[in-house]
Each structure stands twice: as structure tokens, then as C-alpha cells.
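J.: So the protein sequences, as listed, match chains Z and H. Note that numbering that gives the first Met the number 0 has the first sequence beginning at 0, numbered continuously upward. Note that numbering that gives the first Met the number 0 has the second sequence beginning at 0, numbered continuously upward. One structure is given below, represented as C-alpha cells, and several questions about it will come after.
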Amino acid sequence: MVTLSAQHLVKRYGGVVALADGNLEVQSGQVVALIGANGSGKSTLSKIITGVVAPNEGQLLLDGQSVSFSSPLAARQKGITAVYQELSLVPEMSISENIWLSHEPMRYGVRLDRKAMQKRAQELLDLFKGTIPASLTPTTPVYDLTPDERQIVEILKAISQDPQLVIFDEATASLDSAQVTRLFELIEDWKSAGMAIVFVSHRMDEIFRVADQATVLRNGSHVGTVDIAATSERQLVQMMIEGAAALEREAREPVAAGAPIRLDVRDLTTEKLRGVSFDLRDGELLGIGGLQGQGQSDLLLAIFGAIPFQGALTLSGRRVHFSHPRQAMKQDVAFVPGDRGNEGLLLIRSILDNLMLPSLREFGTPLRMQRARSEAGAVSDDLSLVMASLDAPVNSLSGGNAQKVVIGKWLLRDPKLLLLNDPTKGVDVGAKGEFYKLLADLRHQGTAILFYSSDDEELLGLCDRVLVMHDGRISAELAGENVTRENLVAASMGATHHDASHHKEEPTA
Amino acid sequence: MNQANFRRLLARNSYLFALLLLIVVVLINYSRQDNLFDPSVLNRNIRVFLPLAILAVGQAIVIIGGGIDLSVGAMVSLCNALLVTWITPETAGGDILLAIGLVALVGMAAGLLNGIAVAYLRLQPIVTTYATSFIFAGLALTILPRPGGQLPSDMTGLYRRLIEVEAFANIPIIQDISILREIPPAFIVIAIILLLWAFLRQTRLVQYIYASGDNAEAAYTTGIPVQRIRLGTYVISGFFAAMAALALTMSLGSGSPTSGDAMTLDSIVAVVLGGTRLRGGQGGIAGAMMGVVILGVIRNIISFYDVPTWSQTLVDALIILIALAGPGFVRYVSDLIRRYRLQGGRAA
């Protein structure tokens with residue numbers, strides 16, 4: 000049995016208060032969801048518990064004893080570990096080396112016992128059997144893995160330590176629904192085996208599926224802890240944000256009939272795509288759905304000219320075949336990547352630098368900084384960017400705000416075709432609401448938007464049409480009344496549109 | 000698919016390109032010098048390569064750990080100066096060992112200085128070790144203002160052939176087997192280094208060095224003491240610099256305050272030629288050894304062509320640049336081919 004209690008934790012970075020009053024209580028056999036909007040202090044609280052950062056004030060009680068962890072190692076020795084979203088794997092090492100890193104089984108006390116490492120890594124991988132490719136073995140290097148596979152290795156790495164308490168920090172953000180379901184089954188097992196679990200997530204439905212209690216933070220302070228069984232989604236959201244307006248989604252409005260076709264794609268083929276055709280009109284928000292890794296990212300990258308492809312692209316009535324993103328940018332195409340850390344941002348440069356980067360040419364030589372600053376200021380106001388100043392480095396922003404900068408730097412260019420690659424991954428509810436509003440505004444202005452999302456809710460709630468991809472092909476096009484969860488899920492699993500819409504009536508022979 | 004497999008093969012076996020290059024340069028050398036594989040010629044070559052080989056071990060470990068050490072050459076100069084100051088032809092055997100031990104400590108202390116500055120004061124490795132290199136070079140000049148000194152003939156003899164040292168000459172096995180008579184201890188040293196590495200590769204310490212160099216933040220959150228590991232790599236590098244100085248001194252028989260200065264960049268080039276990328280977390284010692292031999296053989300080859308003396312540096316640099324660009328060039332060409340195939344398919 001283990002009980003962890005965080006009491007009145009405070010963390011300040013210089014003058015900025017990241018956590019004002021952090022409280023959390025969790026014990027064996029319990030799943031506590033830790034939720035809160037942008038910059039509410041969730042990650043800071045998690046990091047204090049796992050020893051990554053030290054608190055300025057407050058105390059941490061483990062089984063009633065006051066403890067303080069000077070490093071992640073110290074926390075681990077007390078049985079506390081975390082599943083991180085993106086930062087704890089070593090790419091050049093294999094799956095098994097990563098899982099056992101820093102607690103390798105040894106032979107004779109000096110040599111790594113690679114046989115034992117691999118055997119036990121295989122046992123751990125088998126926990127997710129059926130939801131990951133069979134080609135994954137303990138010796139596969141991590142740089143070969145897709146984001147969802149990496150996330151699973153992160154989970155296994157934490158579990159391999161036989162921890163008493165695990166913090167799942169947005170651990171489901173890159174998993175597909177089958178993997179999430181499997182993880183939740185495993186969490187049930189671990190729970191009944193006496194593990195204490197803190198589950199940080201932005202996905203409401205997941206919180207209601209897996210958690211026993213929810214602890215809500217707002218602006219760095221503890222707002223309350225509630226029993227999930229006795230709480231509604233609406234109540235939780237209200238606790239997270241003052242006034243429940245942010246989650247209200249924009250009502251869908253039909254595309255103006257006869258709007259010109261901005262993009263026409265015929266038989267697009269790459270290493271992953273096997274003949275994709277569709278068209279997209281000005282002012283239309285076209286969703287792309289399906290399980291992770293079915294070619295959605297390839298589709299966007301090919302249109303943007305970032306990867307080679309075959310097939311015919313017609314943009315604004317002209318045949319194009321971009322072989323470099325610069326050519327696409329010249330034709331007013333913009334791409335917002337999902338992996339903002341690697342693809343979208345210069346992390347240590349200022350917000351201004353990042354916003355200006357794609358538009359440097361517009362500001363002349365030498366750069367007209369005054370104009371750049373005022374335009375960037377206008378864009379950041381539009382996005383209601385929460386920041387110290389335009390000169391603050393991007394890595395000082397919270398995840399949601401950093402994602403806004405990725406979008407903002409393209410808005411400065413006033414794009415006609417916007418390609419979005421899972422842009423709300425790991426972004427909290429409040430920021431998502433603002434992001435949806437932004438999409439609606441852009442549609443009003445006639446921007447054509449191609450929107451890949453791994454969040455089914457978004458596709459269902461926002462899009463005029465949804466293309467569901469499976470295995471490099473479009474398995475269904477859902478439009479109008481057909482945009483339903485059932486159709487989306489069915490098509491994701493590879494059923495065609497026709498099958499999907501008549502799924503229920505089919506007799507089971 | 001073949002293309003992709005080939006790329007993957009290259010990426011996973013960083014030694015592969017080095018091995019191919021090694022075979023090519025050795026064959027070219029052989030075509031100009033048909034006695035290349037005679038024991039006495041091999042012996043002479045390997046003797047010349049050994050100091051750099053030892054130095055490259057330390058450099059490789061620092062680079063794998065995510066740093067770089069620009070002070071190793073100056074450390075060699077310093078240790079070389081100390082060795083010829085402390086050891087004269089009259090020095091007794093026990094005192095020689097003591098001097099060697101002290102020099103090893105000096106090397107490690109120099110590495111400790113680098114390590115503290117880089118790991119704990121968080122200074123940039125390039126700037127820091129460039130700066131400390133002047134400290135070590137300055138000390139070498141203070142200790143040994145001008146070239147000089149002399150080692151006992153047993154030490155220089157030992158470096159050439161086992162048989163030249165009286166104590167070994169009387170052992171029957173060495174007298175009877177011609178390889179043991181001819182092959183220099185340098186071979187044995189390199190064999191020991193490779194065996195030791197094969198063992199160390201299986202230890203936690205080396206595993207941590209790779210992890211820290213690959214993704215320091217991930218290593219830290221996993222509970223690895225990244226700062227201590229980083230410090231350790233510089234101390235190890237200092238130790239190997241001292242051992243390289245010992246080999247160099249035994250090979251030259253005397254000392255010079257600038258004897259090792261040119262070896263810094265060679266050690267880095269050798270490591271990179273051996274397939275270790277400068278961003279860390281990848282590569283290994285066997286590759287670095289190959290890199291040293293490639294570098295040495297390239298210089299041999301140049302000496303066999305009638306390159307005017309004044310142009311040798313230029314030719315040397317150009318060939319090394321081409322060798323370094325090799326893996327990147329292969330990747331670039333295979334990318335071009337892939338693109339071309341896809342676009343060609345569209346036209347068809």
C-alpha cells in the first residue's frame with residue numbers, strides 16, 4: 000500500500016508562478032485524473048512528484064512521511080515514476096535497451112544481461128499484442144518507431160520498474176483507439192495489483208473511462224477533487240475554466256454553394272499512399288480521419304512538396320507538382336505540423352523570430368522590424384497568445400500557446416490553403432476552443448482547410464466532410480448526416496463507406 | 000525496397016562505410032607498395048599509427064557522450080614533455096613505472112578540469128577545451144622550452160619489437176615464432192583496446208555514455224547521472240591522451256613541447272571517418288581505429304605519388320574531406336534516385 004499526498008506545493012521560475020497551490024492525493028488501487036486548462040500547473044506538479052524539479056514551498060508526503068526528491072533517480076528509488084509524452088527515449092538505442100535503461104538486469108554484477116533484457120522486453124511488448132505491428136521486436140531501434148509505438152515503449156519502460164505510483168502525462172495523446180482501450184485494460188490490472196496511478200489527460204471521454212477521481216487545477220491552484228462517478232463532463236469543464244464558454248463549438252455552416260475549387264487531388268501515390276483522390280473548396284473545412292499512421296501525414300506532406308509523390312495536383316485551377324515546400328509556400332499553401340517541437344518551432348528563439356520566419360522575405364532587407372513587430376503583435380492578439388512579450392523564447396510558452404505560434408507564423412502569410420497535421424495533439428480544452436474559433440474565422444475568410452486529426456470528436460464537431468483513411472486509401476467519405484461516430488469508427492477499421500452506412504442492417508449470418 | 004534496406008544498413012552499421020573505405024585505401028596503397036604486408040613494413044606502419052589510435056579512443060568516448068575535446072593534442076604535448084623530463088636513460092625500472100603512473104594522473108587531472116567546466120559549469124565543450132588546450136600547451140612549453148630529452152633504449156626498443164628488449168629476448172616462444180619476433184607491441188595494445196571495448200560495451204557505464212550523448216534530457220529523466228557521466232568521459236579522454244603521449248614518446252625517443260599539437264584534429268577526423276557522428280550517442284571505438292588506419296594509409300599513399308612537398312597539405316585535406324563526405328554523399332544520391340524513380344513513374 001502506498002499513499003502520496005502533495006500539499007500546498009509552490010514552484011516559481013523567476014517571477015513567474017508556475018504552481019501556486021498544488022495539492023494531490025492518490026493511493027494504491029486508485030486512478031486520479033489530474034486535469035486543468037493551459038498553464039494550470041499540471042506538468043509542474045507532475046514534475047515535482049517525480050523529482051524532475053524541486054518545489055519552492057510545500058511538502059510531499061509518502062505514506063505520511065515527508066520526502067523531497069533531488070532527482071528523478073531519487074523518486075524512482077521510492078517507486079515513483081512517470082510516463083512522459085515525448086522526452087524520455089534515446090533514439091539510437093533499441094526498444095529493450097530503452098526499457099531497461101538505468102535498471103538493466105546484470106550478469107556477474109558488471110555485464111548487461113542482454114538475453115534477460117530482451118526476453119523481458121518481449122514479455123512487456125506482448126502486453127500490447129495485436130495493437131502494435133508484429134514486426135516490433137526488442138532489438139528494433141527506437142528511431143524506427145512511429146509516435147504511437149514510442150509512446151507504448153515509454154509506458155513499458157515505466158512499468159518495467161515495478162513502480163508503486165505512475166504518472167501518465169498525456170500518455171494517450173498519440174495512441175489510436177485500440178491502443179487506448181488496451182492501455183485502459185492494463186491500467187485496471189495494475190490498479191487491482193495495488194498500483195497508484197495519476198492520469199493527466201485532455202481527453203474527457205478517457206478521463207471518464209479510466210479515472211476514479213479527478214483533481215482539477217486552475218491557474219496553478221487546486222480547485223477541487225471530485226468523484227468521477229458523481230460528476231458530469233460539464234461540471235468538470237466548468238471547474239477547469241471560469242464560465243463554460245470555451246468548449247462551445249462553432250456551429251457548422253454549409254459551404255457557400257459554388258465556391259471555387261481550391262485544391263483537386265487525383266491518384267496521389269507515395270510510399271504509403273495508394274491512390275488518393277478528392278477536392279477541396281474555398282471556405283471548406285475538410286477533415287481527414289482514421290487510425291494513426293494510415294498515410295494521413297504523408298498526404299499532407301506530399302501536397303506541401305515535402306516528400307516525393309506521383310499523381311495530379313491542381314491548385315486554384317493550375318496543375319502543380321511541388322518538389323520543395325518553398326514552392327508550395329509561394330502558392331499560398333501553409334502547413335502546420337503536429338510535432339511542434341521538431342518540425343514547427345525554433346524553441347530557443349523568440350516568439351517574434353518564430354512568427355516572422357516564413358515571411359522574412361516580405362519584410363525586406365534590412366528587415367523592417369517595426370512593421371514585423373506590429374504585424375506579429377496583431378497575429379498574437381488574434382490568437383490571444385498568453386506570453387510575457389514577443390521577445391520571450393518560445394520554450395517559455397505552455398504547450399497550447401506554443402502550438403498557436405506554429406499556426407500564427409503561417410497566418411502572417413495569409414494562406415489560401417491551410418494543411419493541418421493533428422494540430423491539437425496535447426493541447427488542452429481551453430486552447431482547443433480558441434483554436435476552433437480561429438478555424439471558423441479562417442473559413443469565413445474563404446481559406447480552404449485540410450485538417451488531419453487523431454481526435455474523432457474534433458472531426459465530427461467541426462468538419463463539413465471527413466475523409467477516412469485506411470492503409471493508404473480513402474476508405475470512406477462522410478458528408479452531411481453521414482458524419483457520425485459510428486460511420487467514422489467503422490470506416491477507420493477499413494470498412495468502405497457503403498458498408499459503414501448499412502452496417503447495422505446487415506444480418507449476422 | 001532495396002534502396003531503403005541499403006539506407007537502413009548504412010544507418011545501423013556505421014562501421015560499414017569505414018570498412019569499405021579502409022579496404023579501398025589499403026588496396027590503393029598495396030598497388031603502389033607491394034611489400035605493404037611484409038611484417039617489417041606492417042610493423043613500421045602500425046608503430047606510427049599507435050599514438051593517434053590511443054588518442055582517438057578517448058576522443059571517441061567524449062564524442063559519443065555528446066561532447067568534444069579540443070585539448071587532447073596539447074595534453075599529449077604536456078605529457079610528452081613530462082615523460083622526457085622525468086625519465087632519462089639512467090632512470091631505474093621502478094622509477095620509470097612511477098613516472099608513467101604520474102603522467103597518467105596528470106592526463107586525468109587535465110580531463111577533470113575539462114569535465115568540471117563542461118558538465119558542472121555548463122560551458123560549451125568546443126570553447127572550453129580550446130581554451131584549456133592553451134593551458135596545457137603553455138605548461139608543456141614551461142616544462143620543456145625546447146625539444147630534447149632521451150628515453151632509455153629499452154623503452155624505445157620495446158616499442159619497436161619485443162625481441163629488442165633483453166628481458167623478452169630470452170623467452171623461447173618469442174625467439175621461435177617469427178610473428179612474435181617481428182610484430183610490435185603496438186598490435187598487442189590495439190588488440191587489448193578492442194577486447195576491452197567489447198567488454199565495456201556490455202557495461203552500464205558505457206550504456207549511460209551512449210544514452211547521455213544521444214538524448215541528455217531523456218537520460219536525465221530516466222535517472223542517469225548525466226553530469227557525472229559527462230565528467231567521466233573527459234577524464235577518460237585525459238587518461239588516453241597520457242597513454243598516447245607515452246606511445247609517442249617511446250616512438251620518438253625524445254620530447255618536444257609541441258609534439259602532440261597536430262593530433263587534436265586528426266583524432267576528431269579519425270573518429271568521424273570511423274562512422275561516429277559528432278552529435279553523439281552513436282558510433283564506437285572499432286570505427287575510430289579504422290579511421291586512424293584510413294587516415295594513416297591516405298598519408299602513405301600521398302607519399303608514394305610525386306606530390307610536391309608544398310602541396311601535400313592541400314592534397315591531404317582534399318582527400319580527407321572527400322572521405323568525410325562519403326556517407327552523406329551516398330545518402331544524397333540514394334535520395335535523388337528515389338525521387339527520380341517516383342517522378343519517372345509519373346511520366347510513364
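For every residue, glycine included, the Cβ atom is placed at its ideal position computed from N, Cα and C. Computed from a prediction, not measured in an experiment: that's the story for all the values here.
1) Which class does L126/Z belong to by DSSP, given the choice of helix, strand or coil?
2) Helix, strand or coil for L331/H per DSSP?
3) Residue range of the beta strand (DSSP E) that A391/Z falls in?
4) When the Cα atoms are used, what is the spatial distance from A109/H to G237/H?
5) May I have a chain-ordered list of the alpha helix (DSSP H) segments no shorter than 4 residues that lie completely inside the stretch 42-93 of chain H?
6) Would M468/Z be called buried (16 or more neighbouring beta carbons within 10 Å of its own) or exposed?
7) Would you say G35/Z and R280/Z are within 9 Å of each other, going by their C-beta atoms?
8) How about E119/Z: is its C-beta nearer than 9 Å to some C-beta of chain H?
9) Kindly list, in the order they appear in chain H, the residues whose Cβ is closer than 7 Å to that of Y83/Z.
10) Could you list which residues in chain Z have their beta carbon closer than 7 Å to that of A210/H, in chain order?
11) Quick one: is T49/Z near chain H, going by C-beta distance under 9 Å?
12) Express the C-alpha separation of R337/H and F277/Z in angstroms, rounding to a whole number.
13) Taking CB distances under 9 Å as the criterion, tell me whether E169/Z reaches chain H.
14) Within the continuous beta strand (DSSP E) that includes E56/Z, where are the two ends?
15) Would I125/H and G279/H be called neighbours here (beta carbons separated by less than 9 Å)?
16) My output table needs one value for R145/H: the three-state DSSP class, helix, strand or coil.
17) Does the beta-carbon of D188/Z have 16 or more other beta-carbons within 10 angstroms, so that it is buried, or is it exposed?
18) If we cut at 9 Å on Cβ distances, does I217/H have a partner in chain Z?
19) Below 8 Å, can you find three or more Cβ-Cβ pairs linking the stretch 46-56 of chain H to the stretch 285-297 of chain H?
20) If you draw a straight line from the alpha carbon of G294/Z to that of N44/H, how long is it in whole angstroms?
21) Chain H beta carbons: is any one of them nearer than 9 Å to that of M105/Z?
22) Which stretch, first to last residue, makes up the alpha helix (DSSP H) that contains N97/Z?
23) Identify whether S70/Z lies in helix, strand or coil by the three-state DSSP scheme.
24) Does T232/H get closer than 9 Å to chain Z when you measure Cβ to Cβ?
25) In the structure shown, what three-state DSSP assignment does N22/Z receive?
26) Using 10 angstroms around the beta-carbon of I98/Z, count the other beta-carbons present and answer buried if the total reaches 16, otherwise exposed.
27) List, in chain order, every chain H residue whose beta-carbon is nearer than 8 Å to that of L111/Z.
28) Output the distance between the C-alpha atoms of L174/Z and R325/Z, rounded to the nearest integer angstrom.
29) Helix, strand or coil for R348/Z, going by three-state DSSP, please let me know.
30) Based on Cα-Cα distance, which residue from A489/Z, E361/Z, A439/Z, L72/Z lies nearest to V51/Z?
31) Counting only Cβ pairs nearer than 7 Å, list the residues of chain Z close to Q281/H.
32) Return yes when the Cβ of D68/H is within less than 9 Å of the Cβ of Y233/H, no when it is not.
33) Output yes if chain B places a C-beta closer than 9 Å to the C-beta of P124/H; else output no.
34) Is the Cβ-Cβ distance between F198/Z and A81/Z less than 9 Å?
35) How many angstroms separate the CA atom of I284/H from the CA atom of I350/Z?
36) Which class does I448/Z belong to by DSSP, given the choice of helix, strand or coil?
T.: With the structure as the only source:
1) coil
2) Rather than Leu, the amino acid found at residue 331/H in this sequence is Tyr. Three-state DSSP puts Y331/H in a helix.
3) Element bounds for A391/Z: n/a, residue is neither H nor E.
4) 6 Å
5) 71-85
6) buried
7) no
8) The sequence as given places Arg at residue 119/Z; Glu does not occur at that position. Not an interface residue.
9) T220
10) V89, M92, L100
11) yes
12) 26 Å
13) no
14) 56-61
15) no
16) coil
17) exposed
18) First, the amino acid is wrong: residue 217/H is Ala here, not Ile. Interface residue, yes.
19) yes
20) 55 Å
21) yes
22) 94-99
23) coil
24) no
25) strand
26) buried
27) Q201, T202, R203, Q206
28) 32 Å
29) coil
30) L72/Z
31) E91
32) yes
33) Absent here is chain B; the protein component of the structure consists of chains Z and H.
34) no
35) 42 Å
36) strand
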